[in-house]
Every structure is written in C-alpha cells, then in structure tokens.
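In the working numbering, the protein residues as written are 18 to 171. See structure below.
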C-alpha cells in the first residue's frame, strides 16, 4: 500500500486563519489602550486571557504542515509547526520492518489529532514525537489510518 500526500493548501488556509485570529484579538487590546481606556480591569484581563489562549492553541494545537510518503519499504514523514516563531523542520524516516506500531489519534474536534510512530532503533524501542494532524484533511487521515492498520498487522 502506498500513501503520498501533503497538506500545503489546507495548511496555508489554517495558518492564514490563525494569524488573522491573533491579529483580530490584538486589535481590541490596542483600541482599549489607545482610545477607550476602560477603568474596568476585568475587561482588560479577559482580552489578554483570550489572546494568550489563542496563541497557546496556535502553538500546541497540532497545526502542522505535513508531507507523508509511505510505501511497503519505508515510512517518511516531514513536518513543521505552523506557528510562525520557533519553526523547525523535522523528518521521521523509518523502515517498515522496524516499525512496532503506527497510530492515528483523534483529538477534540479539530484540535489535537496526531500521528504516533513507535519503532526499533539500534535495538531499543523508540517513540517518535507526535506529528500534529489538525491541519490535515479527513480523507488523508483515513488514508493514514488504513496504512497504519496494514503496517501494524504485518
């Protein structure tokens, strides 16, 4: 079974949406400090808390650009987080005969779904970092699930 895809278009759309959401969250804070200057500190705290929640979900929500190439001989996953700071390109290549299991985990709706890979490296069991699949389409996730069941059974 061969699976090959990337989520370039959807990752671009998700990244643009999240950047706009962060900017739209910053605008009320700026308006509050520049023009309105509310005396109620609770409004300021709610605005700042909402900004923090949005940024944290953007960073740890599993929104990644993912390029997957799976075939009968190897599993190759290239990915990086869509968060604009501390972006780091990562890659997992593992031969199929060394894979112990591959799991596609569900998250809470769009958040938190991920790809877990466990295999033998230098005689020891290694669990690779979770690859965020929140910005991947449902059809590609189903392809990965089918591949995972086929590889795990083999």
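From the three backbone atoms N, C-alpha and C, an ideal C-beta is built for every residue, glycine too. Note that the coordinates shown come from a computational prediction; the quantities given were computed from them, not determined experimentally.
- Distance from the Cα of residue 90 is smallest, within the candidate group 110, 101, 74 and 72, for 110.
- A straight-line Cα-Cα distance of about 18 Å links residue 35 and residue 96.
- In summary, residue 154 is exposed, with fewer than 16 beta-carbon neighbours lying within 10 Å of its beta-carbon over all protein chains present.
- Taking C-beta atoms under 8 Å as the contact rule, residue 87 and residue 144 fail to qualify, at a distance of about 18 Å.
- In this structure residue 160 is buried. Its beta-carbon is surrounded by 16 or more other beta-carbon atoms within 10 angstroms.
- The distance from the Cβ of residue 94 to that of residue 66 is about 35 Å, inconsistent with a contact at the 8 Å cut-off.
- Collapsing the DSSP output to three states places residue 75 in a helix.
- Between the beta-carbon of residue 99 and that of residue 32 there is about 4 Å, and that keeps the pair under the 8 Å contact cut.
- Around the beta carbon of residue 136, 16 or more other beta carbons lie within 10 angstroms, which makes this residue buried.
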